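K.L.:
Take a look at the following structure, please.
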Amino acid sequence: RKEVEQDPGPFNVPEGATVAFNCTYSNSASQSFFWYRQDCRKEPKLLMSVYSSGNEDGRFTAQLNRASQYISLLIRDSKLSDSATYLCVVGRGGGGNKLTFGTGTQLKVEL
Amino acid sequence: ETGVTQSPTHLIKTRGQQVTLRCSSQSGHNTVSWYQQALGQGPQFIFQYYREEENGRGNFPPRFSGLQFPNYSSELNVNALELDDSALYLCASSSNVGTDTQYFGPGTRLTVL
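Quick note, the sequences are listed as chains V and Y, same order. Number 112 marks the last residue of the first sequence (the working numbering); no jumps. Number 103 marks the last residue of the second sequence (the working numbering); no jumps.
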C-alpha cells in the first residue's frame, strides 16, 4: 500500500464548478499535511497547509481528519487557471525527515 | 528575497556517466532536501542536508550522494547513471530543520541515454 494515495484523475470540470479531491495516508505518526500544486513540467508550489480545524484560502478549503487519516481539498468557482496537478503531501513533523507525496490528481477546467 | 535556484535546467548523459546537480537555497533557509520525480509520479525523497551533514535519507542507493556548503547551497551527485535515473530532480529549502514547510526550485531535468 502506498503511504499517500490519491485518485489520479483526470477531473474534467466546467469553469465555475466546485471540485473536491481526497487523499488518504497510511502512517498514523504523520504530523504535517500540505497540498501542493504542480503545473506541467514545473516545480511543485505550496498551495496550503492543512489543519484538523480546517483552513480556507479564498476559493480553496482544506480539511484533515486524523481519525480516518484522510485529507481533502475543495476548490469552489473553478477557473481555467486552476488546471494543474494537485499533490497531497504528508510529513512526519519536526523536520529532519522526508515529505511523502501522492502521485497527484490532475484537474482540467474547461470553458 | 531570492527563491530556490537550480542548475543546470536540462542535462543529457549516457549510462555509466556521473552527474552533479546544484541548488541554491532560498535566502535565509538553512535546510535543503532533494527529490526525484519520474514521469507521472509524485516526487520521491532522496535526502536532506542541514549544517553540512546528511539529515535523513530515502530509499536511494549510495551512488546518490550530496553535499551542503557553508552558504547552505547544495549538490546532488549521481554515479554510474542508469536509464531509470532519467527524471526531474527537485531541490527544496526550508527555513530550519524543525519545519516541514518546503519551497521548491524549478528542477533539473536529467535524461540518461
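Glycine included, each C-beta is placed from N, C-alpha and C at the ideal position. All of these numbers come straight from a predicted model, not from anything done at the bench.
When DSSP builds the beta bridges, which residues end up paired with His0 (chain Y)?
P.N.:
Here the question's residue 0 (chain Y) lines up with position 10 in the second sequence. Paired residues: Y:Arg99.
K.L.:
Excluding five sequence neighbours on each side, which residues of the same chain lie with their C-beta closer than 7 Å to the C-beta of Arg47 (chain Y)?
P.N.:
Within the second sequence, numbered from 1, the residue matching residue 47 (chain Y) stands at position 57. The residues are Phe37.
K.L.:
If you count every other CB in all the chains shown that lies within 10 Å of the CB of Phe35 (chain V), and 16 or more means buried, which is it?
P.N.:
Taking the first sequence and counting its residues from 1, one reaches residue 35 (chain V) at position 34. Burial call: buried.
K.L.:
Between Y:Thr98, Y:Phe94, Y:Val102, Y:Phe54, which has its C-alpha nearest Leu48 (chain V)'s C-alpha?
P.N.:
Counting from 1 along the first sequence, the entry for residue 48 (chain V) is found at position 47. Ranking Y:Thr98, Y:Phe94, Y:Val102, Y:Phe54 by CA distance to the CA of Leu48 (chain V) puts Y:Phe94 first.
K.L.:
Taking the Cβ atom as the reference point for each residue, do Pro15 (chain V) and Val90 (chain V) lie within a distance shorter than 9 Å?
P.N.:
By 1-based counting over the first sequence, the position of residue 15 (chain V) is 14. By 1-based counting over the first sequence, the position of residue 90 (chain V) is 89. Contact: no.
K.L.:
According to a CB-to-CB cut-off of less than 7 Å, which residues of the stretch 48 to 62 of chain Y neighbour chain V?
P.N.:
Gly48
K.L.:
With a threshold of 9 Å between beta carbons, is Phe61 (chain V) in contact with chain Y?
P.N.:
Sequence index remark: in the first sequence, residue 61 (chain V) carries index 60 (1-based). For Phe61 (chain V), the answer is no, since every Cβ of chain Y falls outside 9 Å of its Cβ.
K.L.:
Please determine, among V:Gly103, V:Gln107, V:Glu6, V:Ser79, the residue with the shortest C-alpha to C-alpha distance to Thr19 (chain V).
P.N.:
For the purposes of this step, residue 19 (chain V) is identified with residue 18 of the first sequence, where counting begins at 1. For the residues V:Gly103, V:Gln107, V:Glu6, V:Ser79, the minimum Cα distance to Thr19 (chain V) belongs to V:Ser79.
K.L.:
Using a beta-carbon distance cut-off of less than 7 Å, what residues from the stretch -4 to 14 of chain Y approach chain V?
P.N.:
none
K.L.:
Measuring CA to CA, which of V:Gly92, V:Arg93, V:Thr86 is closest to Arg38 (chain V)?
P.N.:
Indexing the first sequence from 1 puts residue 38 (chain V) at position 37. Ranking V:Gly92, V:Arg93, V:Thr86 by Cα distance to Arg38 (chain V) puts V:Thr86 first.
K.L.:
Classify Leu71 (chain Y) as helix, strand or coil using the three-state DSSP reduction.
P.N.:
Numbered from its first residue, the second sequence carries residue 71 (chain Y) at position 81. Coil, per DSSP.
K.L.:
Which residues in chain V have a C-beta closer than 7 Å to the C-beta of Tyr93 (chain Y)? List them in chain order.
P.N.:
As a working mapping, residue 93 (chain Y) is identified with position 103 in the second sequence. Those are Leu47, listed as they occur along chain V.
K.L.:
Assuming Val51 (chain V) contacts Ala63 (chain V) under a Cβ cut-off of 8 Å, what Cβ separation, rounded to an integer in Å, is found between them?
P.N.:
As a working mapping, residue 51 (chain V) is identified with position 50 in the first sequence. As a working mapping, residue 63 (chain V) is identified with position 62 in the first sequence. Confirmed, about 4 Å.
K.L.:
In angstroms with no decimal places, state the Cα-to-Cα distance between Glu72 (chain Y) and Leu57 (chain Y).
P.N.:
As a working note, residue 72 (chain Y) is residue 82 in the second sequence. As a working note, residue 57 (chain Y) is residue 67 in the second sequence. For Glu72 (chain Y) and Leu57 (chain Y), the distance between alpha carbons rounds to 21 Å.
K.L.:
I want to know whether the stretch 73 to 86 of chain Y touches the stretch 5 to 24 of chain Y - three or more CB-CB distances under 8 Å.
P.N.:
yes
K.L.:
How should Ile76 (chain V) be labelled, buried or exposed, when 16 other C-beta atoms within 10 angstroms of its C-beta is the threshold for buried?
P.N.:
For the purposes of this step, residue 76 (chain V) is identified with residue 75 of the first sequence, where counting begins at 1. Classification for Ile76 (chain V): buried.
K.L.:
Can you give the beta carbon distance from Leu100 (chain Y) to Asp75 (chain Y), rounded, assuming they're within the 8 Å contact cut?
P.N.:
Position 110 of the second sequence, counting from 1, holds the residue named residue 100 (chain Y). Position 85 of the second sequence, counting from 1, holds the residue named residue 75 (chain Y). Correct: roughly 7 Å between the Cβ atoms.
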